[in-house]
Amino acid sequence: MPYLRRYVAMLLIAVMALVSLPVAAAQTAGLVSTQSALQADSAASDRERINDVLARADVQEQLLAQGVSVDQVQDRVASLSDAETRQMADQLDQMPAGAGGGVIGALFAVFIILLVTDILGLTNVFPFTR
Amino acid sequence: MFSRLPAKRLKRLRLMTQNARPAGVLASLLLLTLLLGGCAASPELRDSSYQTLPAHAELDDVPFYPQEKYQCGPAALATVLNYSPAAQDASRNAWTANNAEATSPAEHSDKAQDVTDNDSAEISVDSLIVQVFIPGREGSVQPEMLATARRHQRLAFPVRPTFDALLGHVAAGDPVVVMQNLSLPAWPMWHYAVVIGYDLADETLTLRSGETRRQTLSFARFDATWARSQRWGFILAKPGRIPADVTAKRAVDAISAYEALHGAKATLSSWQALSVAQPQNAMGHFALGNAYYAINRLEKAAQAFKHAAAIDDTLGVAWLNLGLVYQQQDNHREARSALEKAAALPGSWQQQARTALDTL
C-alpha cells in the first residue's frame, strides 16, 4: 500500500506539472473559482490541490479497507467536498458512525448505569423506560 | 465429596469479593449521574422563539423507512430524500429561483425536466446502503450523509447547532436529520433520526426514528442525546431553493459543494435564489458571477461581481474577477480600474491582480 501511495503521488506530481504548463501561459484570463476563493489562499492553492487529490486517494483506500465495494467507492469519494474529504482523511477512524441500535457489550454494570440514566432522561437506550 | 465442599465455598467467597469492587464503582457512578441530573433540564428556548414559532407543528407527510440492523443512516436519508412537500415551494420564508431574476426560457425548461425526473423515482433504502453505509464501521459517517444527498440532486445544509434553529426549521416545513448519541459518551450508540414535529406546551419532539414511525421524546431527553453530537443535523433542498434561516457561510459552502459535483449550470438557480434570500451576502453574489461566467454570460457575470464588490469593498477577489471579465470583453478602461482596486488590497489575490494589470 505505501508503494501504491508513493506511485500515485509521483504520478500526480507529473500530471499536475504537465497540466499546469499550458494553463500557466493562458492563466491571465482565468477567473478565480468560487471553491478556491472559499479556501481563501491563492499562494497555497496549488499545494492544496495536490493535497486534496492525495486526500481523496487516501479516503478511497480507507473506505475500501472498511469493506465498501470497489464499484461504489469512486462515486462516493467524488461526491465529497474538499473540506469533507480532508475531514474524512484525517479522522475517519474516530468519526462517530451512526448505526442506531447495536447492543453494547453486555456488561451488567453498564446495563444498570444506562438503565438509570435512561430513567433520569439523560439517555434513550431502552424504550421500556418511557 | 467432602473435599469439594470447601472448594465450592471458597469460590463463592471469591466471587463475592470480586463483585464488591464493581459494586462500589457502580454506586459512585450512580451518585455521579444523580449529581449530573441537572443536565437533563429542558433546553432553554429564546423568548423570541416562543413568540414567533407556532405552538405545534408536525410534518405528517414525511414518509417512514424503518431501519434494518445498523442502517439508520440510509433510512434517515431515504426519509428526507423522498419527501417533497407540495406546500414547500410556496413556503413562507423559503426562497425559490422563481422569486429570483428570471432565467432564460431554455434554462427553465431544463430545470423543470430535472425536477420531474427526480420526483417520479423513489429512492430506496437498499440503493442508499451501498452509497453511504461503511461495513467496517457498521454505520454511516456525517460527511458521507451530506455527500450522498448531493448525489441525489439535493443541497445539504448543516443546521445551526441550537434548539431554536431546530424547531424553526421544522416550523418552516423542513424535516431535520439529526445525529444523536442515545447512550453515554463512554459507550456511544450513535444514531440518525429525523425530527418532524414538536409541541411547545408539552415540550415534546416527534421523530421518525429507527423502527418507530412516530417517536415522541421530551425536549430534555432529546437535547441530552443530541448535545453529544455537538447538536449536528442537516436539512435538504432542491436546487433553486434556499431554506429559511440558513447562515451565510453555511449556505455558500453547501451550494459550492453542490457546484463542485454537478457543475455551474445545475447550480446557477441556487446562486440566484441565494442572492435574493441573502442580498447582503457578498460571497453569494461573487459565486453567482462565477456561475454566470461558466455558462458564458459575461454581462450577467460582471453585474454580479460588481454587486459583490459594492457590498464588500474589500473583497479583492470580486474586483479581480470583475476586471478579468471586463478584459475579456475588451473593456480595457473598466478592467484597469477594477484590477487596480484588486491590486491595492493586501491579501491572497494581490499578486494575481498585478500580473493581470501588466498584461493589460
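Here the protein sequences line up with chains A and B, keeping their order.
For the first sequence, the numbering used here assigns the number 825 to the initial residue and increments by one for each residue that follows.
For the second sequence, the numbering used here assigns the number 29 to the initial residue and increments by one for each residue that follows.
Every residue gets a Cβ at the ideal spot worked out from N, C-alpha and C, and that includes glycine.
Proximity test, Cβ basis, 8 Å: residue i and chain A
i	result
T234 (chain B)	no
L212 (chain B)	yes
E362 (chain B)	no
Y321 (chain B)	yes
H84 (chain B)	no
R188 (chain B)	no
V222 (chain B)	no
N309 (chain B)	no
L24 (chain B)	Absent from the structure is residue 24 (chain B), since the part of chain B shown begins at 29 and ends at 388.
T176 (chain B)	yes
N318 (chain B)	yes
D154 (chain B)	no
Q95 (chain B)	yes
G291 (chain B)	no
Q170 (chain B)	yes
A366 (chain B)	no
R165 (chain B)	yes
R259 (chain B)	no
Listed by chain order, chain A residues near residue i by CB distance under 7 Å
i	result
R249 (chain B)	G945 and N948
T253 (chain B)	T947 and N948
V158 (chain B)	S893 and Q896
A288 (chain B)	Q859 and S905
A285 (chain B)	S905
Residue-level contact to chain B via CB, residue i, 8 Å cutoff
i	result
E908 (chain A)	yes
A849 (chain A)	Summary for A849 (chain A): the model assigns pLDDT 37, below 50, so the residue's position carries little reliability; its value from the coordinates is reported in the next sentence. So, not an interface residue.
Q918 (chain A)	no
D923 (chain A)	Reading the sequence as shown, one finds Ala at residue 923 (chain A) and not Asp. A923 (chain A) counts as touching chain B.
A861 (chain A)	yes
Chain B residues whose Cβ lies nearer than 8 Å to that of residue i
i	result
L938 (chain A)	S211, L212 and W215
Chain-order list of residues whose beta-carbon lies under 8 Å from that of residue i (same chain, five-residue window excluded)
i	result
P71 (chain B)	F191, F247, A248 and D251
Q859 (chain A)	D906
R74 (chain B)	D192
Chain E contact residues for residue i, given Cβ-Cβ distances below 8 Å
i	result
Y226 (chain B)	Included in the structure are the protein chains A and B, with no chain E among them.
Neighbourhood of residue i by C-beta, 6 Å cutoff - its chain only, sequence neighbours within 5 removed
i	result
H219 (chain B)	C100, Q208 and L210
A329 (chain B)	G317, Y320, Y321 and V353
L289 (chain B)	R178
L367 (chain B)	G351, A381, A384 and L385
Q95 (chain B)	A103 and G238
L109 (chain B)	I151 and H180
Neighbourhood of residue i by C-beta, 7 Å cutoff - its chain only, sequence neighbours within 5 removed
i	result
H335 (chain B)	H313
A199 (chain B)	L81, P82 and A85
I936 (chain A)	none
Under 9 Å from the C-beta of residue i: neighbouring residues of chain A
i	result
H219 (chain B)	G922, A923, G924, G925 and N948
D273 (chain B)	Simply none; closest approach about 21 Å.
V280 (chain B)	T858 and L862
Listed by chain order, chain A residues near residue i by CB distance under 8 Å
i	result
S246 (chain B)	G945
F314 (chain B)	T858 and A861
Along the stretch 326-355 of chain B, what residues have a CB closer than 8 Å to any CB found in chain A? Only those residues of the stretch 326-355 of chain B whose C-beta falls short of 8 Å from the nearest C-beta of chain A are listed: V345, L348, N349, L352, V353 and Q355.
If you measure beta-carbon to beta-carbon, which residues of the stretch 869-903 of chain A are closer than 8 Å to chain B? Listed by position, the residues of the stretch 869-903 of chain A near chain B (Cβ gap below 8 Å) are L887, A889, Q890, G891, V892, S893, Q896, D899, R900, A902 and S903.
Could you tell me which whole beta strand (DSSP E) segments of length 3 or greater appear in the stretch 221-267 of chain B? With a minimum length of 3 residues, the continuous beta strand (DSSP E) runs that stay inside the stretch 221-267 of chain B are 232-237, 240-246 and 261-265.
Whole beta strand (DSSP E) runs in the stretch 260-336 of chain B with 3 or more residues, listed along the chain? If we require 3 residues or more, the beta strand (DSSP E) runs fully inside the stretch 260-336 of chain B come out as 261-265.
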